[in-house]
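A.B. asks:
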Amino acid sequence: MTQAEIKLCSLLLQEHFGEIVEKIGVHLIRTGSQPLRVIAHDTGTSLDQVKKALCVLIQHNLVMYQVHKRGVVEYEAQCSRVLRMLRYPRYIYTAKTLYSDTGELIVEELLLNGKMTMSAVVKKVADRLTETMEDGKTMDYAEVSNTFVRLADTHFVQRCPWVPATENSDPEPPPPAPILVISEKDMYLVPKLSLIGKGKRRRSSDEDAAGEPKAKRPKHSTDNKEPIPDDGIYWQANLDRFHQHFRDQAIVSAVANRMDQFTFQTQTSSEIVRTMLRMSEITTPSAAPFTQPLSSNEIFRSLPVGYNISKQVLDQYLTLLADDPLEFVGKSGDSGGGMYVINLHKALGSLATATLESVVQERFGSRCARIFRLVLQKKHLEQKQVEDFAMIPAKEAKDMLYKMLSGNFISLQEIPKTPDHAPSRTFYLYTVNILSAARMLLHRCYKSIANLIERRQFETKENKRLLEKSQRVEAIIASMQATGAEEAQLQEIEEMITAPERQQLETLKRNVNKLDASEIQVDETIFLLESYIESTMKRQ
Numbered sequence: 011m012t013q014a015e016i017k018l019c020s021l022l023l024q025e026h027f028g029e030i031v032e033k034i035g036v037h038l039i040r041t042g043s044q045p046l047r048v049i050a051h052d053t054g055t056s057l058d059q060v061k062k063a064l065c066v067l068i069q070h071n072l073v074m075y076q077v078h079k080r081g082v083v084e085y086e087a088q089c090s091r092v093l094r095m096l097r098y099p100r101y102i103y104t105a106k107t108l109y110s111d112t113g114e115l116i117v118e119e120l121l122l123n124g125k126m127t128m129s130a131v132v133k134k135v136a137d138r139l140t141e142t143m144e145d146g147k148t149m150d151y152a153e154v155s156n157t158f159v160r161l162a163d164t165h166f167v168q169r170c171p172w173v174p175a176t177e178n179s180d181p182e183p184p185p186p187a188p189i190l191v192i193s194e195k196d197m198y199l200v201p202k203l204s205l206i207g208k209g210k211r212r213r214s215s216d217e218d219a220a221g222e223p224k225a226k227r228p229k230h231s232t233d234n235k236e237p238i239p240d241d242g243i244y245w246q247a248n249l250d251r252f253h254q255h256f257r258d259q260a261i262v263s264a265v266a267n268r269m270d271q272f273t274f275q276t277q278t279s280s281e282i283v284r285t286m287l288r289m290s291e292i293t294t295p296s297a298a299p300f301t302q303p304l305s306s307n308e309i310f311r312s313l314p315v316g317y318n319i320s321k322q323v324l325d326q327y328l329t330l331l332a333d334d335p336l337e338f339v340g341k342s343g344d345s346g347g348g349m350y351v352i353n354l355h356k357a358l359g360s361l362a363t364a365t366l367e368s369v370v371q372e373r374f375g376s377r378c379a380r381i382f383r384l385v386l387q388k389k390h391l392e393q394k395q396v397e398d399f400a401m402i403p404a405k406e407a408k409d410m411l412y413k414m415l416s417g418n419f420i421s422l423q424e425i426p427k428t429p430d431h432a433p434s435r436t437f438y439l440y441t442v443n444i445l446s447a448a449r450m451l452l453h454r455c456y457k458s459i460a461n462l463i464e465r466r467q468f469e470t471k472e473n474k475r476l477l478e479k480s481q482r483v484e485a486i487i488a489s490m491q492a493t494g495a496e497e498a499q500l501q502e503i504e505e506m507i508t509a510p511e512r513q514q515l516e517t518l519k520r521n522v523n524k525l526d527a528s529e530i531q532v533d534e535t536i537f538l539l540e541s542y543i544e545s546t547m548k549r550q
């Protein structure tokens, strides 16, 4: 765990949950697993506050607990899961793209609350959608429920592990912490609920639809409440499935840029790859190096409706993809018109390499990028060979190689002719260790994101008074519009913010938007590098 990652985790925890949770979370990240009383002692926090902070962290899957043989419960922070909070906007936007506004709000509620029952999610989302609709229109629970089922069917949401039911006659004392279990077949099994109703609007006044004052409403006994139909069945967002979707999108985009750049009318190659990935998205585990083998006939039948290409043309495209040097698509057999797979590991390697090349070009220039690609292609080169192959003068080539060497983009390998390692009798070969370079770039990306978050917080803090004033004015205008105020009155309220203040607000908004966009772009690079490193480590 590097200092850059710890700092980024600290900023994310503080931004989402506040100082106390951040203090406990960072302490666990630094120290590893610890029991409750040790955490309270080391952080100087009261036991009650530590318990509440741990409850929040466990609710959001940021901390796991484990019961040891002596009955001691230890808590351990999941740093990688904390860093996933960076990607929350991207998860929500993906759900919106695939399942419209309803899917977006379902995923947003699950991410904001950590774990929720299906009935609670459906009611909350229906209420939120009803708020945004025109007067007289409401969102039906059944419609939201159908979208939830579709998300579960495609594995974007999954059940949380639960405590198995035990018989009351069991004489053994209960364990110090519950042991949660879940079987794979139940992970995406949606309970059969008959949720009947529509979303409700929040009322600004204290009177309900019948005009009855709030104080005179009869108090309902809590005993009369209906039991929750899916009580105990909690759901969470399946982040691995979202990552699988991001990876698939990156592969399709890479194929489109490489194979379809000369065909302006159609995106045939990328559409074939997209179809293959869509067919295997549920059957292929997220960490698998290859997709499941698919026959040419299956691919042809699964192409989008209205995509008019013949079977012969499809076979030609598949052969073209299989023969490509990048080897995104491979042929695994000849049955069914030919069996094809997508080599996910090689695809991630190519994407990570392209990212490194892009960074070298932006940082050191096109001539350094030429040397980098050359060393990457030839595996090992001496300095004289680099000068000759790249056709760059010796002095410039030496300078460029040392720049990239000091930046850890390339490495130097010594091969001695004699045991004494004398420089005159040693070969010095330049090489690119992609895994090492990817780790170095990932570390820098973490530092960049932390700097962006700190800058955004600084900008907001500096203009805190102005932002509060702007929010007050907007609230007054909204309440006056609701009561049917005249245009002149609204104009008078708007003039409470002077022209220089308005300009300052516009500048702040522009700067914050730029910083937010930069965070998302850097996170895209982080995702590619993390995926490549994870895939490589699993193969070793």
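Residue numbering for the sequence shown follows this note's numbering, beginning at 11 and increasing consecutively.
Heads up, the beta-carbon is just placed ideally off N, CA and C, and yes, glycines get one too.
Predicted, not measured: the structure shown is a model, and the values here were computed from it.
For E84, which beta-bridge partners are listed by DSSP?
C.D. replies: On the sequence shown, position 74 is the one that residue 84 refers to. Per DSSP, P45, Q76.
A.B. asks: Measuring only the C-alpha atoms, how far is L500 from L199?
C.D. replies: One-based indexing of the sequence shown puts residue 500 at position 490. One-based indexing of the sequence shown puts residue 199 at position 189. Spanning the two alpha carbons is a distance of roughly 53 Å.
A.B. asks: Is there contact between the stretch 412-426 and the stretch 366-375, where contact requires at least three CB pairs shorter than 8 Å?
C.D. replies: Result yes; three or more Cβ-Cβ pairs closer than 8 Å.
A.B. asks: Helix, strand or coil for P555 per DSSP?
C.D. replies: Beyond the ends of the chain as shown, which are 11 and 550, falls residue 555; an answer cannot be given.
A.B. asks: Since A87 contacts L108 with CB under 8 Å, what's their CB separation in whole angstroms?
C.D. replies: Here the question's residue 87 lines up with position 77 in the sequence shown. Here the question's residue 108 lines up with position 98 in the sequence shown. Actually they do not touch by this definition, with Cβ atoms about 31 Å apart.
A.B. asks: Would DSSP call N557 helix, strand or coil?
C.D. replies: Outside the displayed span of the chain (11 to 550) sits residue 557, for which this structure offers no information.
A.B. asks: Between P184 and the rest of its own chain, which residues show a CB-CB distance below 8 Å, the 5 nearest in sequence each way excluded?
C.D. replies: Translated into positions along the sequence shown, residue 184 becomes position 174. There are no such residues.
A.B. asks: Excluding the five sequence neighbours on either side, which residues of its own chain have a C-beta within less than 8 Å of the C-beta of K474, listed in chain order?
C.D. replies: Taking the sequence shown and counting its residues from 1, the one referred to as residue 474 is at position 464. Within the same chain, K474 has no close Cβ partners at all.
A.B. asks: Specify, as a first and last residue, the run of the alpha helix (DSSP H) that S312 falls within.
C.D. replies: Counting from 1 along the sequence shown, the entry for residue 312 is found at position 302. 306-312 is the extent of the alpha helix (DSSP H) around S312.
A.B. asks: Give the DSSP-derived three-state secondary structure of I189 in the structure shown.
C.D. replies: The residue labelled residue 189 in the question sits at position 179 within the sequence shown. DSSP places I189 in coil when its eight states are reduced to three.
A.B. asks: From S280, K33, P188, K321, pick the residue whose C-alpha is nearest to that of T55; which is it?
C.D. replies: In the sequence shown, counting from the first residue as 1, residue 55 sits at position 45. The candidate whose alpha carbon is nearest that of T55 is K33.
A.B. asks: Between which residues of its own chain and A407 is the CB-CB distance below 8 Å, once the five residues before and five after are set aside?
C.D. replies: As a first step, residue 407 must be located in the sequence shown, where it is residue number 397. The residues are I381, Q393, V396, E397, A400.
A.B. asks: For A14, which residues from the same chain have a beta carbon less than 6 Å from its beta carbon, with the 5 sequence-adjacent residues on both sides left out?
C.D. replies: Reading the sequence shown from its first residue, position 4 is the one you call residue 14. Answer for A14: H453, Y456, K457, listed in chain order.
A.B. asks: State buried or exposed for L57, treating a residue as buried only when at least 16 other CB atoms are found within 10 Å of its CB.
C.D. replies: For the purposes of this step, residue 57 is identified with residue 47 of the sequence shown, where counting begins at 1. With fewer than 16 Cβ atoms within 10 Å of its Cβ, L57 is classed as exposed.
A.B. asks: With three or more beta-carbon pairs closer than 8 Å as the criterion, would you say the stretch 76-83 touches the stretch 117-137?
C.D. replies: Judged by Cβ distances under 8 Å, the stretch 76-83 makes no contact with the stretch 117-137, as fewer than three pairs qualify.
A.B. asks: Go ahead and pull the three-state DSSP assignment for P510.
C.D. replies: On the sequence shown, residue 510 is found 500 positions in, with the first residue counted as 1. Reduced to three states, the DSSP call for P510 is helix.
A.B. asks: On the three-state DSSP scale, how would you describe Y438?
C.D. replies: Taking the first residue of the sequence shown as position 1, residue 438 is located at position 428. Here Y438 sits in strand by DSSP.
A.B. asks: In the DSSP assignment, what residue or residues form a beta bridge with G35?
C.D. replies: Position 25 of the sequence shown holds residue 35. DSSP lists no partner for G35.
A.B. asks: How many angstroms separate the CA atom of D241 from the CA atom of S90?
C.D. replies: In the sequence shown, the residue the question calls residue 241 occupies position 231. In the sequence shown, the residue the question calls residue 90 occupies position 80. Their backbone Cα atoms lie some 30 Å apart in a straight line.
A.B. asks: So V262 packs on R284, CB below 8 Å; how close in whole Å?
C.D. replies: Your numbering for residue 262 matches position 252 in the sequence shown. Your numbering for residue 284 matches position 274 in the sequence shown. Correct: roughly 5 Å between the Cβ atoms.
A.B. asks: With a 10 Å radius around its C-beta and 16 neighbouring C-beta atoms as the bar for buried, classify A362 as buried or exposed.
C.D. replies: Position 352 of the sequence shown holds residue 362. A362 should be labelled buried.
A.B. asks: Restricting to Cα atoms, I'd like to know which of V167, P239, L304, E337 is closest to E114.
C.D. replies: Here the question's residue 114 lines up with position 104 in the sequence shown. With distances taken between Cα atoms, E114 lies closest to V167.
A.B. asks: Across the stretch 486-499 and the stretch 426-435, are there enough close Cβ pairs to call them in contact, namely three or more that are closer than 8 Å?
C.D. replies: Touching, no, given that fewer than three Cβ pairs across the two stretches are closer than 8 Å.
A.B. asks: I'd like the list of long-range same chain contacts for L190, defined as Cβ closer than 7 Å, with 5 residues on each side in sequence excluded.
C.D. replies: Walking along the sequence shown from the start, residue 190 turns up at place 180. Correct list, in chain order: P171, W172, V173.
A.B. asks: Under 6 Å Cβ to Cβ from S342, same chain only, skipping five residues before and after it: list those, please.
C.D. replies: Here residue 342 refers to the residue found at position 332 of the sequence shown. Same-chain partners within the cutoff: P303, M349, V351.
A.B. asks: Count the other CB atoms, across all protein chains shown, that sit within 10 Å of the CB of M286; report buried if there are 16 or more and exposed otherwise.
C.D. replies: Within the sequence shown, the letter at position 276 stands for residue 286. Result: buried.
A.B. asks: From the DSSP output, which residues share a beta bridge with F399?
C.D. replies: Against the sequence shown, residue 399 aligns to sequence position 389. Answer is none; F399 lacks a bridge partner.
A.B. asks: Where does E544 fall in DSSP's three states?
C.D. replies: Start at 1 with the first residue of the sequence shown, and residue 544 comes out as number 534. If DSSP states are grouped into helix, strand and coil, E544 belongs with the helices.
A.B. asks: Between R160 and M197, how many whole angstroms is the CB-CB distance? I'm expecting something under 8 Å.
C.D. replies: As a first step, residue 160 must be located in the sequence shown, where it is residue number 150. As a first step, residue 197 must be located in the sequence shown, where it is residue number 187. Actually they do not touch by this definition, with Cβ atoms about 16 Å apart.
A.B. asks: Does DSSP put Q275 in a helix, a strand or coil?
C.D. replies: Taking the sequence shown and counting its residues from 1, the one referred to as residue 275 is at position 265. Model confidence at Q275 stands at a pLDDT of 45, short of 50, so the residue's coordinates are unreliable and nothing is read from them.
A.B. asks: Using three-state DSSP, classify L539 as helix, strand or coil.
C.D. replies: What you label residue 539 is simply residue 529 of the sequence shown in a count that begins at 1. Three-state DSSP puts L539 in a helix.
A.B. asks: Please classify Y327: does DSSP put it in a helix, a strand, or coil?
C.D. replies: In the sequence shown, residue 327 corresponds to position 317, counting from 1. Here Y327 sits in helix by DSSP.
A.B. asks: So the candidates are S296, Q259, F300; which of them puts its Cα closest to the Cα of S280?
C.D. replies: Along the sequence shown, read from residue 1 onward, the residue named residue 280 stands at position 270. The option with the nearest alpha carbon to S280 is Q259.
A.B. asks: Pick from R257, T53, I507: whose alpha carbon is nearest that of F338?
C.D. replies: Taking the first residue of the sequence shown as position 1, residue 338 is located at position 328. Of the listed residues, the one whose Cα sits closest to F338 is R257.
A.B. asks: Would you list the one or two residues that DSSP bridges to S421?
C.D. replies: Here residue 421 refers to the residue found at position 411 when the sequence shown is read from its first residue. Answer by DSSP bridge pairing, in chain order: T441.
A.B. asks: Relative to the C-alpha of L96, which residue among G340, L21, L451 is closest?
C.D. replies: If you number the sequence shown from 1, residue 96 lands on position 86. Closest option to L96, Cα to Cα, is L21.
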